[in-house]
DNA sequence: GATGAATGAGTATTCATTCAT
DNA sequence: TATGAATGAATACTCATTCAT
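Residue numbers (the working numbering), protein chains in the order written: chain A, 67 to 265; chain B, 67 to 265; chain C, 67 to 265; chain D, 67 to 265.
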């Protein structure tokens with residue numbers, strides 16, 4: 067999987083790497099990409115130099131956080147595709163799970179969207195793979211009549227981000243992503259007319 | 067209300083103030099709150115000191131931009147309430163108009179949500195007023211059966227931000243906020259069950 | 067001459083600029099390019115930001131120092147060419163003057179040679195102009211039989227750097243560049259044979 | 067005097083030491099003293115800690131490189147003194163040999179001169195010894211009338227550095243140290259007058 | 001009032017040195 | 001002993017804010 071390290075990292079080094087990544091994930095999520103690296107280092111309990119040993123630049127660290135997120139999503143989509151379930155349930159189940167997981171990662175979603183997203187080639191690949199797999203999941207759900215036909219995978223991706231954005235707004239009141247699920251309702255087939263029929 | 071200015075600004079001072087505000091609005095929208103003040107000053111064609119004369123801190127400038135946005139929204143909601151139209155049409159018309167206006171201001175919506183939103187008391191007041199007015203608009207639409215009952219004003223606010231977020235994702239393909247309207251469909255009454263019935 | 071500033075700098079700004087340049091010249095000469103910018107700022111009595119306002123990068127500051135040096139040399143060569151004097155005297159007089167002037171600037175000569183000399187286009191131009199003018203001075207001296215024929219302008223340039231290098235070695239003992247003049251003797255016509263006859 | 071090594075180094079340790087020294091010599095020569103120790107370690111194929119085991123500080127490593135250079139020069143001067151040859155030939159032959167050898171080591175000469183040359187006592191001793199031996203070589207050449215009388219050993223040392231400096235300037239064109247030999251011509255006896263007669 | 005130069009605290013990054021494995 | 005990960009001081013550069021002109 068990971069071919070960047072010729073030989074496995076020493077135990078303590080890997081521990082540090084994980085701690086930095088974990089701390090960075092939280093920090094980026096909570097405070098955006100503007101959080102100082104020194105602060106991340108401090109919270110992770112390591113020196114500033116250690117952060118730079120593992121992630122040569124701040125962007126590299128950010129990208130790694132994004133990458134981990136994408137990998138998790140890819141695993142989730144694969145699981146949803148493998149499960150022998152009704153297509154619509156598989157689709158909305160995936161959305162629901164993502165929303166649930168995205169507890170602390172939510173702001174990350176925004177960060178991904180917001181920033182110029184200086185993603186490297188490897189990250190682009192991962193994203194493309196995810197898009198393709200997700201496309202399959204969507205198509206099956208549409209063919210089963212569980213999702214409206216006038217949206218494509220990119221639309222849904224946008225809606226997902228939107229749902230996360232919405233869900234995040236209600237820190238306390240919104241139990242278990244109710245608002246996110248409300249937004250997902252816009253993906254249901256329209257009884258009578260095309261999109262925007264409500265206007 | 068505003069007692070910061072004892073006497074009306076000189077004509078040139080007011081012109082400068084307007085130019086700075088306008089430039090800041092665009093800059094914050096396009097590049098986020100991280101844009102340097104010097105850059106805003108340069109684009110507005112004034113010196114850095116002039117920006118600080120009108121807006122003592124960067125936050126103050128940002129907040130003023132937010133405030134103007136809120137004021138515009140308040141005016142729009144009032145107009146929607148005043149018009150003797152069908153309640154659902156008024157409600158969705160307002161959403162559509164907001165979406166359309168938010169062309170370049172979209173990133174601002176996010177900025178507002180994203181940042182710690184260091185809003186002052188005056189801004190809070192404005193927001194509260196807007197919430198109340200908007201609540202009326204929503205209630206009327208719900209009473210007319212045009213909007214599902216299980217959402218409140220805060221939910222809708224979140225959905226609006228979500229719609230803007232979604233709409234922004236599709237730079238080229240999304241003509242005239244189609245995606246935003248798709249998201250708004252989630253506000254329509256559910257034919258059969260409660261929110262989240264799709265899962 | 068200087069076309070970088072649209073309008074003349076304010077009096078205090080120009081004063082600061084001059085002080086920074088002067089301080090940098092001494093600092094680079096005495097301690098090489100490794101001297102911290104903060105140190106230069108401190109010695110010049112300005113803040114670090116002020117140095118960066120006038121010279122966006124450290125390299126830019128270094129290059130400006132080099133440029134000033136080149137300009138001075140160019141002026142000197144021009145003067146040597148204009149004077150209606152015996153060609154050999156003009157040539158060696160120029161060398162002697164350069165040596166004398168180069169009191170504190172000597173280490174600079176080395177710095178110029180030593181570093182990768184990240185010189186910009188404008189500096190290259192200046193250097194080319196200097197080379198051409200100096201070539202004329204040399205040619206006249208050679209035609210007058212005052213300088214050996216088997217060296218070209220680039221050789222002499224190298225010898226000059228060498229002479230400065232040599233002269234610098236003897237901090238106390240070497241009065242008025244005696245050692246530099248010794249080195250310059252290698253440029254005199256050889257009585258009998260070609261270069262390297264001494265080996 | 068040197069009590070750092072109680073017992074002879076283990077074979078592999080000595081091999082490492084030699085590799086580090088050799089790598090450092092090349093690195094300092096090519097890129098100056100600013101080259102990172104990590105880089106030297108990497109090129110030598112050892113860990114950073116190993117460099118520090120053999121040379122406690124970077125300066126210590128640098129000084130050791132200088133010391134080796136001085137030792138080589140001392141051997142060369144001794145050889146020149148021992149050879150029963152004409153004094154002038156011995157002297158200039160030594161200079162020529164040094165120049166030839168100094169192919170890649172040239173930048174080192176400069177590094178030695180340039181840096182504050184933080185040489186320790188042991189290095190000072192070596193340098194003193196070299197100076198004395200070299201003084202003998204010079205004196206014999208002067209007594210034989212092969213070298214001008216108005217220079218002393220320190221002058222010549224400076225001229226040597228100057229020659230190396232000059233020779234380095236002409237990357238391609240200067241075959242086999244021609245320019246260095248030109249500079250050495252300044253050491254020949256002046257036909258008529260004192261040093262600097264050309265001015 | 002307007003200008004833009006000066007300030008200086010803050011940030012990412014490098015690197016000599018130390019230390020756990 | 002060797003390794004290379006960790007440290008943290010140092011350094012170039014940015015930018016909000018202040019102030020002289």
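Yeah, the Cβ is synthetic: ideal placement off N, Cα and C, and Gly gets one too.
- Under the Cβ criterion of 9 Å, residue 123 of chain A is not counted among the residues facing chain B.
- Residues of the region 129 to 159 of chain C with a C-beta less than 9 Å from any C-beta of chain D: 154, 155, 157, 158 and 159, listed in chain order.
- Taking all protein chains in view, the Cβ of residue 150 of chain D is surrounded by fewer than 16 other Cβ atoms within 10 Å, so the residue is classified as exposed.
- Using a Cβ distance threshold of 9 Å, residue 158 of chain D and residue 250 of chain D count as a contacting pair.
- For the alpha helix (DSSP H) assignment, the uninterrupted runs of no fewer than 4 residues enclosed by the region 97 to 124 of chain B are, from N- to C-terminal side, 103 to 110 and 114 to 120.
- Here the alpha carbons of residue 217 of chain D and residue 197 of chain D stand approximately 14 Å from one another.
- DSSP places residue 186 of chain A in the coil class of the three-state scheme, outside both helix and strand.
- About 13 Å separates the CB atoms of residue 154 of chain D and residue 222 of chain D; that is not less than 8 Å, and the two are not in contact.
- Taking the Cα of residue 143 of chain C as reference, the smallest distance to any Cα among C/193, C/81, C/99 and C/130 is reached at C/193.
- Taken through DSSP and simplified to helix, strand or coil, residue 221 of chain B comes out as helix.
- Distance check between residue 140 of chain C and each of C/161, C/99 and C/232 places C/161 closest, using alpha-carbon atoms only.
- If you look at residue 161 of chain B, you'll find it in the alpha helix (DSSP H) that goes 153 to 167.
- Non-local beta-carbon contacts of residue 199 of chain D in its own chain, meaning distances under 6 Å to residues more than five positions away in sequence, involve 143 in chain order.
- Its chain contains 110, 111 and 112 as the residues whose beta carbon lies nearer than 8 Å to that of residue 85 of chain A, once the 5 sequence neighbours on both sides are disregarded; these appear in chain order.
- For a Cβ distance threshold of 8 Å, residue set 257 of chain B lies close to residue 257 of chain A, ordered along the chain.
- In this structure, the beta-carbon distance from residue 130 of chain B to residue 75 of chain B does not fall below 9 Å.
- Using a 10 angstroms sphere on the CB of residue 188 of chain C, the tally of other CB atoms stays under 16, which defines it as exposed.
- Look at residue 231 of chain A: its C-beta is under 9 Å from a C-beta on chain B.
- For residue 245 of chain C, the nearest CB of chain D lies under 9 Å from its own CB, placing it at the interface with that chain.
- Residues of chain D with a Cβ closer than 8 Å to the Cβ of residue 96 of chain C do not exist; the shortest Cβ-Cβ separation is about 10 Å.
- Annotation: residue 230 of chain A to residue 147 of chain B spans about 30 Å, alpha carbon to alpha carbon.
- Residue 106 of chain D and residue 77 of chain D have their C-alpha atoms roughly 21 Å apart.
- Along the region 82 to 116 of chain C, the positions whose C-beta sits under 8 Å from a C-beta of chain D are 98 and 100, read in chain order.
- Chain B places no beta carbon closer than 9 Å to that of residue 215 of chain A, leaving this residue out of the contacts.
- Neighbours of residue 78 of chain B in chain A, taken as residues whose beta carbon is under 8 Å from its own, are absent, since the nearest beta carbon is some 35 Å off.
- DSSP places residue 191 of chain B within a helical segment (H, G or I) once states are collapsed to three.
- In this structure, residue 255 of chain D sits near residue 211 of chain D, with a CB-CB distance shorter than 9 Å.
- Residue 250 of chain A has a beta carbon lying within less than 9 Å of a beta carbon in chain B.
- With respect to chain A, the C-beta atom of residue 228 of chain B has a partner C-beta closer than 9 Å.
- Nearest CB-CB separation between residue 193 of chain B and chain A: not below the 9 Å threshold.
- Contact between residue 79 of chain D and residue 224 of chain C does not hold, since the beta-carbon distance rounds to 43 Å and is not under 8 Å.
- If you draw a straight line from the Cα of residue 118 of chain D to the Cα of residue 82 of chain A, it comes to about 25 Å.
- By alpha-carbon distance to residue 137 of chain A, the top candidate from A/245, A/102, A/190 and A/104 is A/190.
- No residue range can be given for residue 75 of chain B, since it is assigned to no alpha helix (DSSP H) and is classified by DSSP as neither H nor E.
- With respect to residue 127 of chain A, residue 90 of chain A sits close: the two C-beta atoms are nearer than 9 Å.
- The alpha carbon of residue 245 of chain A has as its nearest neighbour, out of B/245, B/247 and B/252, the alpha carbon of B/252.
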